[in-house]
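**Student:** Numbering (the numbering used here), first residue to last: 362 to 580.
Quick one: this structure, given as structure tokens, is what I'll be asking you about.
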Ligand code: AMP
């Protein structure tokens, strides 16, 4: 099962992908998390990506194709994966198609598009806090950490991502509207898109995602 989560920054792709990955026993592949790990580890990719990410722009397609190809080649991904944050432009969608053609997964099975209005996105992202160690996400109002400051999962002090500052959030939303949003039509045209209302609580959105997936699996 190869699923793609599509949606603007702050739509809840990571949160919903984590739940879906646990339910179906396939890994969640977040290219944003992989790049942040590369930055933290100071690898060549990380050194190249850091300033681009801090500015809310997209890292180059060749780097992303290498990361995704390597990740999907790992043993835990032989039965599939949930892609969160990839592809993000039409060239990446084409690269994904050709790299999948060389694997037993063959092709994308379904694309889940989380649709959320822009005002909600800005609010969610500017109040988001992230764990720099295990990548868990929190929200100061809707999903606060139990002790107010540290990660519930691993205890590390939470931080605001550099690219979650309001000025950068606006740039990321613009990049999304110009470069990533056309993928919605692409996947709709080829019959893979499921449009899901991403407004409301995490549990509300999860029940919609779960419904769509249960219908797809029973088809
Ligand atoms: P995310 O955590 O998905 O919001 O990604 C954070 C940042 O990582 C993005 O703003 C980009 O700079 C970079 N990034 C993540 N995925 C991709 C991708 N598929 N293509 C290019 N850049 C990406």
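Backbone N, C-alpha and C define an ideal beta-carbon position, used for all residues, glycine too.
1) I'd like the ranges of any beta strand (DSSP E) spanning at least 3 consecutive residues and lying wholly in the region 484 to 562.
2) Let me make sure I understand the geometry here. Which of 464, 526 and 515 has the alpha-carbon closest to that of residue 486?
3) Should residue 462 be labelled buried (16 or more other beta-carbon atoms within 10 Å of its own) or exposed?
4) Report yes if the C-beta of residue 385 is less than 7 Å from at least one heavy atom of ligand 1; otherwise report no.
5) Just to confirm before moving on: does the CB-CB distance between residue 446 and residue 504 stay below 8 Å?
6) Following a CB-centred definition, is residue 376 positioned closer than 7 Å to any heavy atom of ligand 1?
7) Residue 430 and residue 541 - do their beta-carbons sit closer together than 8 Å?
8) Compare the beta carbon distance of residue 414 and residue 420 with 8 Å and say whether it is the shorter of the two.
9) Using a threshold of 7 Å, is the CB atom of residue 439 nearer than that to any non-hydrogen atom of ligand 1?
10) So, with DSSP's three-state summary, where would you put residue 363?
11) Where do the N-terminal and C-terminal ends of the alpha helix (DSSP H) with residue 420 fall, by residue?
12) With 16 as the cutoff for other CB atoms within 10 Å, does residue 465 come out buried or exposed?
**Tutor:** According to the data block:
1) Qualifying beta strand (DSSP E) stretches, in chain order: 489 to 491, 498 to 500 and 554 to 558.
2) Closest option to residue 486, Cα to Cα, is 526.
3) Looking at its Cβ environment, which holds fewer than 16 other Cβ atoms inside 10 Å, residue 462 is exposed.
4) Annotation for residue 385 indicates a beta carbon at 7 Å or more from all heavy atoms of ligand 1.
5) Not closer than 8 Å, so no.
6) Residue 376 Cβ: outside cutoff for every heavy atom of ligand 1.
7) Cβ distance not < 8 Å, so residue 541 and residue 430 don't count as in contact.
8) Yes, the pair counts as a contact, with Cβ atoms nearer than the cut-off.
9) For ligand 1, not one heavy atom lies less than 7 Å from the Cβ of residue 439.
10) DSSP places residue 363 in strand when its eight states are reduced to three.
11) Premise fails: residue 420 is in no alpha helix (DSSP H) and is neither H nor E.
12) The residue in question, residue 465, is exposed, as its Cβ has fewer than 16 Cβ neighbours within 10 Å.
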